[in-house]
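J.: Got a structure for you, written out below as C-alpha cells; questions coming shortly.
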Amino acid sequence: MMRKVLLFLFLLPLGLTMAQNSSPLGEAGRGASWDDFVEAYTSDVERAEDEDLQLHLQELKELSEHPLNINTATVEDFLQLPFLSEAQIEQIHAYVYLHGQMQTLSELRLVPLIDDATRRWLSLFTYAEPVQDEAKDKLFGKLRHDFSTRLDIPLYYRRGQQQENGYRGDPLYHRIRYTLGNKQHFQAGLRVEKDAGERFYDSYGAYAMLHDVGILNKVVVGDYRIGFGEGLVLGGSTWNSKSTPPLKTQGGIRPMTGMDETYFLRGAAVTLALGKHIKLSTFGSYRKRDATLTSEGEVQTLRTDGYHRTASEWEKKRNVGSAVVGGNIQWQNKGLHLGATGYWQKFSRDLNPGTQQYRAIYPKGSSFGVAGLNYGYTRYRLSLAGETAYSSAGGGFATINRASWNINRRYTLSAVQRFYAYQYYSFYASSLAENSGAQNESGVLVHLQAEPLAGLQVTAYVDFFHNPWPRYRMTHSSTGQELFLQGSYALSGRHTLLARYQLKRKENADRMEPHHRVKLAWTYEAGGHWRWQTTGFYHHVLGSNGFLLSQSTRYVMERPNLTLNAQLGYFNTDDYLCRIYLQSPALYSSISSASYYGHGVLGVLTCRWKSKNGKWMLEGRYSLLRYFDRSEQGTGLQQILSPWKNDLTFQTRIRL
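Residue numbering for the sequence shown follows the working numbering, beginning at 5 and increasing consecutively.
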C-alpha cells in the first residue's frame with residue numbers, strides 16, 4: 005500500500021503538467037524561493053548538522069525578511085550576500101552611478117557581470133525603490149517592531165524523559181526573538197531559548213547597533229560576530245562552501261541575530277571611518293563557556309552543543325571564562341585593499357586537551373594570540389586576494405590566496421590555494437577547509453561557474469587536499485580529492501532539470517573511502533501558485549548503496565494568503581556509511597536538514613498564513629519519520645523506543 009501511495013505522489017505532477025496551459029511563466033513565476041537558494045547554496049554539504057552553517061543560514065534568512073534597497077546598499081551590505089563577488093558588487097554600484105537609480109530589479113540584466121542565477125538570488129535579498137533627495141531618517145525615527153515565538157512539541161518520549169537520572173526538564177523546545185530598529189541607523193534585539201530536556205530558559209542574549217552615524221561606521225553592544233580578511237584570524241561573519249568558493253573579504257562586525265549558543269562574542273565592538281579610505285575596528289568580549297574539565301580542573305574540551313539537560317551537562321555549564329580583545333585596520337582605494345587583524349585571548353583555566361595523537365596539536369595553556377595581514381586587488385573582471393596569519397598557540401603560519409576571473413557574463417573561473425600548518429590555531433577562524441577549522445590542511449580548489457546556453461547553469465569544481473598530522477581515527481597523514489559537477493537547465497520557464505555527480509575520496513580509519521553521490525531533480529512551476537519537485541539521490545561507498553526518493557509540493561493561495569509546503573520521501577540504504585542528506589521545508593528563520601539511513605519513509609507538512617497588511621504571521625509544521633527495519637531509533641538518552649517519530653511546531657510572528 006505504501007509503495008502505491010508513493011508512486012501516485014511521484015506521478016501526480018506529470019498529470020498536472022499535462023493539464024496546465026503551456027504558456028511561459030511571467031517573471032514572478034520564475035522567481036527564486038528560499039528553499040531553492042538553500043538547496044543550491046549547500047549542495048556540497050555533508051554535515052547537515054553543521055552548527056556554523058545553521059547559524060549562517062539563519063542570518064541570511066533574517067536578511068531575506070529585511071531585504072536591501074539595491075539603490076542605497078553599501079559595499080558592506082552587499083558583502084553579507086555570499087553569492088556576490090567583489091567584481092559584481094563594483095559593477096552594481098557603477099551601474100547606479102552611471103545610469104541612475106534602478107526602477108526594478110529587471111535592470112540587473114544590463115549589469116555586465118550579473119548572470120541569471122545571481123539575478124534570481126538577488127531577488128530574495130534586495131528590492132529596487134528609487135530614493136528621493138531628502139534628509140536622512142532620524143537616528144531613532146520610524147522604528148519597527150518584530151516579535152516571534154516558536155514552540156516544538158514532540159509526540160513521543162525519549163529515554164532521557166523516562167528514567168530518573170535522565171533529562172531534568174520537559175521535552176518542549178521554546179524560543180522568543182524580538183528586534184527593534186529602522187532601515188538606516190539603529191537596530192536592537194534580544195533572544196531567549198530553552199532546548200528540549202532543559203529545565204530553564206538558559207540561553208539568552210541581546211544587542212544594540214548604530215550604523216553610519218558620523219564617524220561611527222558601526223557600533224555593536226551586546227552579542228556580535230566579527231570577521232575580517234579571508235577569515236584566517238577572525239572569520240565569524242560568513243560560512244564557506246566549495247560550491248560557492250570565497251569571492252570577497254569578510255564584512256566586519258555584525259550583530260548576533262541567530263539562536264546559536266557558542267559562536268559569538270559578548271561585549272562591545274566599534275568600527276570608525278577615518279576618512280574615505282581607512283576604517284579602524286576594535287572590540288572586546290568576556291563570556292563564560294561550557295567545558296569538560298580534567299580531574300585537576302583544567303579544560304579538556306570546550307563544548308559547543310549548548311545543551312544543559314542532565315546533571316552531568318549542568319556541571320559543565322559556563323565553568324570557564326574567556327576574555328578577548330583585538331582590532332583591525334583596513335585601507336581601501338580604487339580596488340586595492342590592505343588590512344591587519346589581531347586578537348589576544350585569555351581563559352580563566354588552562355587548556356589541556358589530552359595525550360591522544362590527534363589532540364596533540366590542539367592549543368595548550370591559557371593565553372593565546374593571533375595576528376594576520378590581508379590583501380587584495382579588484383579590477384573589473386579580475387579579483388585577487390589573500391591572507392597570511394601567525395598564531396602563538398603552536399607557533400605556526402597559515403595562508404589562503406584566491407583568484408577569480410569573470411571571463412564574461414556567462415563564465416567565471418576561480419582558484420583557491422590554502423595552507424594551514426598543524427601548528428596554527430585560531431579559536432575564531434572560519435575559512436575554506438575540507439575539515440572543521442583552519443588547521444592541519446593544505447589544498448588547491450579550482451571552480452567554474454558557467455552559463456554556456458540560455459537557461460543552462462553549470463557548476464564544477466575539483467579540490468585536492470592533504471592533512472600532514474593524523475586526524476581523528478587516523479594513525480598517519482592523509483590525502484583526498486573531490487570532484488563536483490552539476491548542471492541545471494530551465495525548459496520554457498516551467499520545467500527545470502538538475503543533474504549532479506560528486507566524487508569524494510577521503511581517508512578515514514586508515515582506509516580510503518570513495519564516496520559516489522548522484523542527484524537528479526525535476527521541478528515544475530505552474531502559474532506562480534504550484535511548485536512540484538521530484539528528486540532522487542544515490543550514494544555508493546565501499547560496496548554499500550543507498551537511495552532516497554523525495555516529492556515536494558508548494559501551493560500558494562492568494563486568498564487567504566496561505567502557503568502550503570509538503571514533502572514525502574522514501575529511503576533505503578545498506579548502512580550508515582551511505583547515509584543521504586536532505587533539506588526539508590522549514591518555518592520562518594529556521595533551517596531543517598538531516599541525514600537518513602536504513603529503510604523508512606519521511607514526511608513534512610508546513611502551513612503559513614500572513615495577514616493582508618503583513619503584520620501577522622502564523623505557522624505550523626508537522627513531520628514524521630517511520631522506520632521499517634528497526635523497532636527503536638537513536639542511542640543513549642536520546643533513544644526513542646518506537647519506529648515512529650512525529651513532531652509538531654508552531655510559530656507566531658508580529659511586525660509593527
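Every residue, glycine too, gets a C-beta built ideally from N, C-alpha and C.
Tell me whether D633 is buried or exposed, calling it buried when 16 or more other Cβ atoms sit within 10 Å of its Cβ.
T.: Taking the first residue of the sequence shown as 1, we reach residue 633 at position 629. Under a 10 Å Cβ-count criterion, D633 is classified as exposed, with fewer than 16 other Cβ atoms of the shown protein chains found around its own Cβ.
J.: I believe I411 touches L436 by the beta-carbon criterion, under 8 Å. Please report the beta-carbon distance rounded to the nearest angstrom.
T.: Taking the first residue of the sequence shown as 1, we reach residue 411 at position 407. Taking the first residue of the sequence shown as 1, we reach residue 436 at position 432. The pair is not a contact, with the Cβ atoms about 22 Å apart (cut-off 8 Å).
J.: Using a Cβ-Cβ cutoff of less than 6 Å, which residues in the same chain neighbour V605 once the five nearest sequence positions on both sides are dropped?
T.: What you label residue 605 is simply residue 601 of the sequence shown in a count that begins at 1. Excluding positions up to five away in sequence, the list reads Y574 and R630.
J.: Fully enclosed by the stretch 395-440, which beta strand (DSSP E) runs are 3 residues long or longer?
T.: 400-412 and 415-424
J.: What are the partner residues of E529, as DSSP defines its beta bridges?
T.: By one-based count along the sequence shown, residue 529 stands at place 525. For E529, which the question treats as bridged, DSSP gives the partners R535.
J.: Can you tell me which of the three DSSP states T122 falls into?
T.: Here residue 122 is taken as the residue at index 118 of the sequence shown, counted from 1. In the structure shown, T122 sits in a helix (DSSP, three-state: H, G or I).
J.: Beta-carbon within less than 8 Å of A295's beta-carbon, same chain only, minus the 5 sequence neighbours each way: which residues are those?
T.: Here residue 295 refers to the residue found at position 291 of the sequence shown. For A295, where only same-chain residues beyond five positions count, the Cβ hits under 8 Å are V303, Q304, T305, L306, R307, K320, N323, V324 and R353.
J.: For L340 and N569, what's the separation of their Cα atoms in angstroms?
T.: By 1-based counting over the sequence shown, the position of residue 340 is 336. By 1-based counting over the sequence shown, the position of residue 569 is 565. C-alpha separation (whole angstroms): 46 Å.
J.: Taking 8 Å as the threshold (C-beta atoms), are S316 and K350 in contact?
T.: As a working mapping, residue 350 is identified with position 346 in the sequence shown. As a working mapping, residue 316 is identified with position 312 in the sequence shown. In this structure, S316 does not lie closer than 8 Å to K350 by Cβ.
J.: Suppose the cutoff is 7 Å on Cβ atoms and the five residues either side in sequence are ignored; what does the same chain contact list for Y384 look like?
T.: As a first step, residue 384 is located in the sequence shown; it is residue number 380 there, counting from the start. Here the set comprises A91.
J.: Would you call W669 buried or exposed, if buried means 16 or more other Cβ atoms sit within 10 Å of its Cβ?
T.: The requested residue 669 does not occur in the structure, where the chain is confined to residues 5 to 660.
J.: Consult DSSP for W318 and reduce its assignment to one of helix, strand or coil.
T.: In the sequence shown, residue 318 corresponds to position 314, counting from 1. Reduced to three states, the DSSP call for W318 is helix.
J.: Does DSSP put N25 in a helix, in a strand, or in coil?
T.: Residue numbering aside, residue 25 sits at position 21 when the sequence shown is read from its first letter. Only weak support is given to the placement of N25: the predicted model assigns it a pLDDT of 36, under 50, and the value that follows is read from those uncertain coordinates. In the structure shown, N25 sits in coil (DSSP, three-state: anything other than H, G, I, E or B).
J.: CA-CA distance, E138 and H189?
T.: The residue you call residue 138 lines up with position 134 of the sequence shown. The residue you call residue 189 lines up with position 185 of the sequence shown. Note that E138 scores a pLDDT of 45, beneath 50, so its modelled location is shaky; the value from the coordinates is reported in the next line. Straight-line Cα distance between these residues: approximately 16 Å.
J.: What would DSSP say about Y101, mapped onto helix, strand or coil?
T.: As a first step, residue 101 is located in the sequence shown; it is residue number 97 there, counting from the start. Y101: helix per DSSP, three-state reduction.
J.: I'd like the list of long-range same chain contacts for Y160, defined as Cβ closer than 8 Å, with 5 residues on each side in sequence excluded.
T.: Mapped onto the sequence shown, residue 160 falls at position 156. Apart from sequence neighbours up to five positions away, the residues of its chain that approach Y160 with a beta-carbon distance below 8 Å are I644, S646, W648, K649 and N650, ordered along the chain.
J.: Would you grab the beta carbon distance between E529 and R498 for me? Rounded to a whole angstrom, and I think it's under 8 Å.
T.: By one-based count along the sequence shown, residue 529 stands at place 525. By one-based count along the sequence shown, residue 498 stands at place 494. Contact holds; Cβ gap of about 6 Å.
J.: Could you tell me which of Q191, N356, Y211 and R181 sits nearest to E197, measuring between CA atoms?
T.: Translated into the one-based positions of the sequence shown, residue 197 becomes position 193. The option with the nearest alpha carbon to E197 is R181.
J.: Quick one: residues in its chain with C-beta nearer than 6 Å to the C-beta of E623, no 5 flanking neighbours on either side, listed in chain order?
T.: Mapped onto the sequence shown, residue 623 falls at position 619. In the same chain as E623, and ignoring 5 residues on each side of it, the C-beta atoms closer than 6 Å to its own belong to L591, R612 and Q655, in chain order.
J.: Within a Cβ cutoff of 6 Å, which residues of the same chain sit near S446, ignoring the five residues on either side of it in sequence?
T.: Translated into the one-based positions of the sequence shown, residue 446 becomes position 442. Same-chain partners within the cutoff: F423 and H470.
J.: What residues match up with W348 in a beta bridge as DSSP calls it?
T.: As a working note, residue 348 is residue 344 in the sequence shown. Paired residues: V329 and G373.
J.: Helix, strand or coil for D264 per DSSP?
T.: For the purposes of this step, residue 264 is taken as residue 260 along the sequence shown, with counting starting at 1. Correct three-state label for D264: coil.
J.: Answer with buried or exposed for V686, where buried requires no fewer than 16 other C-beta atoms within 10 angstroms of its C-beta.
T.: Past the edges of the chain, shown from 5 to 660, lies residue 686, and the structure says nothing about it.
J.: Smallest Cα separation from W526: which of D264, G491, H543 and V42?
T.: Translated into positions along the sequence shown, residue 526 becomes position 522. Ranked by Cα distance from W526, the options D264, G491, H543 and V42 are led by G491.
J.: Starting from L552 and walking both ways along the beta strand (DSSP E), at which residues does that stretch end?
T.: Numbered from its first residue, the sequence shown carries residue 552 at position 548. Run containing L552: S548 to M561, per the beta strand (DSSP E) assignment.
J.: Identify whether R291 lies in helix, strand or coil by the three-state DSSP scheme.
T.: For the purposes of this step, residue 291 is taken as residue 287 along the sequence shown, with counting starting at 1. In the structure shown, R291 sits in a strand (DSSP, three-state: E or B).
J.: Under 8 Å between the Cβ atoms of R162 and T314?
T.: Here residue 162 refers to the residue found at position 158 of the sequence shown. Here residue 314 refers to the residue found at position 310 of the sequence shown. Taking a C-beta distance under 8 Å as the contact criterion, R162 and T314 do not qualify as a contact pair.
J.: According to DSSP, which residues form a beta bridge with I644?
T.: Residue mapping note: residue 644 aligns to position 640 of the sequence shown, counting from 1. Note: I644 sits in a beta bridge opposite R162 and Q637.
J.: Helix, strand or coil, according to DSSP, for E94 in the structure here?
T.: Residue 94 sits at position 90 when you count from the first residue of the sequence shown. DSSP, read as helix, strand or coil, puts E94 in helix.
J.: Output yes or no for whether 8 Å exceeds the beta carbon distance between S285 and G233.
T.: The residue labelled residue 285 in the question sits at position 281 within the sequence shown. The residue labelled residue 233 in the question sits at position 229 within the sequence shown. Cβ distance not < 8 Å, so S285 and G233 don't count as in contact.
J.: Quick check on A32: buried or exposed, where buried means 16 or more other Cβ atoms within 10 Å of its Cβ?
T.: As a working note, residue 32 is residue 28 in the sequence shown. For A32, the pLDDT reaches just 32, beneath the cut-off of 50, and the residue's location in the model is therefore unreliable, although a value from the coordinates is still provided. When all chains shown are included, A32 counts as exposed.
J.: Between L583 and S599, is the Cβ-Cβ spacing less than 8 Å?
T.: Here residue 583 is taken as the residue at index 579 of the sequence shown, counted from 1. Here residue 599 is taken as the residue at index 595 of the sequence shown, counted from 1. The question names Leu, yet the displayed sequence has Arg at residue 583. In this structure, S599 lies closer than 8 Å to R583 by Cβ.
J.: Around the Cβ of S635, are there at least 16 other Cβ atoms within 10 angstroms (buried) or fewer (exposed)?
T.: For the purposes of this step, residue 635 is identified with residue 631 of the sequence shown, where counting begins at 1. S635 is exposed by the Cβ-count criterion.
J.: Are L489 and A513 closer than 8 Å when you measure CB to CB?
T.: Taking the first residue of the sequence shown as 1, we reach residue 489 at position 485. Taking the first residue of the sequence shown as 1, we reach residue 513 at position 509. No. Outside cutoff.
J.: Go through its chain and collect everything with a Cβ distance to K246's Cβ below 8 Å, but skip five positions before and after it.
T.: As a position in the sequence shown, residue 246 is number 242, starting the count at 1. Cβ within range, chain order: D48, L436, L449, H451, Y465, D467, E486 and F488.
J.: With DSSP collapsed to three states, give me the class of R113.
T.: Taking the first residue of the sequence shown as 1, we reach residue 113 at position 109. Looking at R113 - three-state DSSP - the assignment turns out to be helix.
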